[in-house]
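Here our numbering = 1-based position in the sequence shown + 44.
Quick reminder that beta carbons are idealized off the backbone N, C-alpha and C, glycines included.
This report concerns only the one structure given below.
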Amino acid sequence: MIMRSKADHTAAIHEHRRAALVVNTRSRRGRRHYAEVLHLVQAANFQLTGVHPITDPSRLREIVERALSAKPDLLIAGGGDGTLSSTIKHVAGKDVALGALPLGTTNNFARSLGLPLDLQGAVRVLTEGKVADIDLGLCGDRPFANLASFGVSVEVAGTVRPWFKRLVGRAAYPLTAMRVLPGHQPFRAYITADGRRHELLTHQLNIANGRFHGGWQIARDAGIDNRMLVAYQLGSGKRLRLIGETLVRATTGRWRSLAGGPFVTGSEILVETDPPMAADIDGEVRLRTPLVIKTIPNGVRVMVPQDFVDR
Numbered sequence: 045m046i047m048r049s050k051a052d053h054t055a056a057i058h059e060h061r062r063a064a065l066v067v068n069t070r071s072r073r074g075r076r077h078y079a080e081v082l083h084l085v086q087a088a089n090f091q092l093t094g095v096h097p098i099t100d101p102s103r104l105r106e107i108v109e110r111a112l113s114a115k116p117d118l119l120i121a122g123g124g125d126g127t128l129s130s131t132i133k134h135v136a137g138k139d140v141a142l143g144a145l146p147l148g149t150t151n152n153f154a155r156s157l158g159l160p161l162d163l164q165g166a167v168r169v170l171t172e173g174k175v176a177d178i179d180l181g182l183c184g185d186r187p188f189a190n191l192a193s194f195g196v197s198v199e200v201a202g203t204v205r206p207w208f209k210r211l212v213g214r215a216a217y218p219l220t221a222m223r224v225l226p227g228h229q230p231f232r233a234y235i236t237a238d239g240r241r242h243e244l245l246t247h248q249l250n251i252a253n254g255r256f257h258g259g260w261q262i263a264r265d266a267g268i269d270n271r272m273l274v275a276y277q278l279g280s281g282k283r284l285r286l287i288g289e290t291l292v293r294a295t296t297g298r299w300r301s302l303a304g305g306p307f308v309t310g311s312e313i314l315v316e317t318d319p320p321m322a323a324d325i326d327g328e329v330r331l332r333t334p335l336v337i338k339t340i341p342n343g344v345r346v347m348v349p350q351d352f353v354d355r
């Protein structure tokens, strides 16, 4: 596909404001803020090629493809990390930019892009920002925006209740993890990156493409546009240590550097586990280890603030 330059693409969005709007009205804030989103987008003088509320997440692919069939310059997507990760797969490699409106619990993807988390600020980025191309993760054959994880998080994803997320927000995940941990067994993981094999015993292993997990920064120098994945464990094989790490992250967000923590980085990472384990890929539990996880450099175009560093 012939792609415009990012400068030309940005100019087209600023001048013509031709966009399609997709909102997951099943997300934490989607239903409550749907009317506000529509008002803000229309007030910003976007010429909408279609408005597509999603009431059934199983139809997301069909609805996004319908929205893209109108050839908008910008696909505005409102929802949580799962919605945005699922949407981004259909924008990847196309001459259309994704404009993200954070309507989820943790909003890791929006945070990694440096977007304001309030709707007015996020819409302002769509009118005053720029088009950048960022990296995608690829776990097996499944693209992802934020995170592939193994261990207790898979059980947490299937246990955390929507009403609890609405009540306590991003703290719902570490609090649910503390309830799940007493019955969870540690596993042995083998991570191979840049020809070096690392072995660890843990309850939780994460492979991040973006900078944020659970709404908190993984490390200052992690990023969504640096061609690198970051593999890291939470705690160790000892439950008490993981409970302590979970509490620290839930209360402080602990800000660390990749150079000073238990991190493995690489553009391609082989993950093996004993026993074989399911992978949680941005909220979808589909694949099992062993898995090759890698980056797709500059795999998708997004709207970001003007000060976003586009590598």
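- Secondary structure of H53 (DSSP, three-state): helix.
- Distance from the Cα of N270 is smallest, within the candidate group L244, D326, G181 and D351, for G181.
- In the assembly as shown, V353 is an exposed residue. Its beta-carbon has fewer than 16 other beta-carbons within 10 Å.
- Around the beta-carbon of H53, 16 or more other beta-carbon atoms lie within 10 Å, marking it buried.
- Just so you know, the alpha carbons of H83 and V196 end up roughly 40 Å apart.
- If you compare the alpha carbons of L161, F188, V336 and F256 with that of I235, the shortest gap goes to V336.
- When beta bridges are read from the DSSP output, Y234 appears opposite E243 and E316.
- For D125, the three-state secondary structure derived from DSSP is helix.
- Collapsing the DSSP output to three states places G343 in a strand.
- Looking at the DSSP output, S193 shares a beta bridge with N250 and D324.
- A contact between stretches requires three or more CB pairs, one per stretch, nearer than 8 Å, and the stretch 160-175 fails this requirement with the stretch 309-320.
- Going by DSSP, G74 is part of the alpha helix (DSSP H) stretching over G74 to A87.
- Its Cα nearest to that of D326, the residue G124 stands out among G124, T246 and A237.
- The DSSP-derived three-state label of T99 is coil.
- Rounded to the nearest whole angstrom, the CA to CA distance from A233 to L249 is 8 Å.
- DSSP places N68 in the uninterrupted beta strand (DSSP E) bounded by R62 to N68.
- Leaving aside the five residues that flank G343 on each side, the residues in its chain whose CB is nearer than 8 Å to its CB run, in chain order, A136, G137, D177, I178, D179, L180 and P187.
- In the structure shown, A275 falls within a strand segment according to DSSP collapsed to helix, strand and coil.
- For A166, the uninterrupted alpha helix (DSSP H) run begins and ends at L163 to E172, by DSSP.
- Judged by DSSP secondary structure, V108 falls outside any beta strand (DSSP E) and instead within the alpha helix (DSSP H) spanning L104 to L112.
- Taking C-beta atoms as the reference points, A88 and L128 fail to come closer than 9 Å.
- For R155, the enclosing alpha helix (DSSP H) covers residues N152 to S156.
- Taking the Cα of R103 as reference, the smallest distance to any Cα among A266, T131, T93 and L142 is reached at T131.
- Secondary-structure assignment with DSSP links I178 through a beta bridge to V344.
- Closest in alpha carbon position to V175, among Q229, F231, D117 and G148, is D117.
- Around the CB of Q91, fewer than 16 other CB atoms lie within 10 Å, so the residue is classed as exposed.
- The distance from the Cβ of G158 to that of V348 is about 6 Å, consistent with a contact at the 8 Å cut-off.
- Nearest neighbour of N253 by Cα position, chosen from L244, H60 and I340, turns out to be I340.
- Non-local C-beta neighbours of P97 in its own chain, meaning closer than 7 Å and more than five positions away in sequence, comprise V67, T69 and Y78, ordered along the chain.
- Under a 10 Å Cβ-count criterion, R255 is classified as buried, with 16 or more other Cβ atoms of the shown protein chains found around its own Cβ.
- The beta carbon of I57 sits closer than 6 Å to those of D117 and L118, all from its chain and outside the five residues before and after it, given in chain order.
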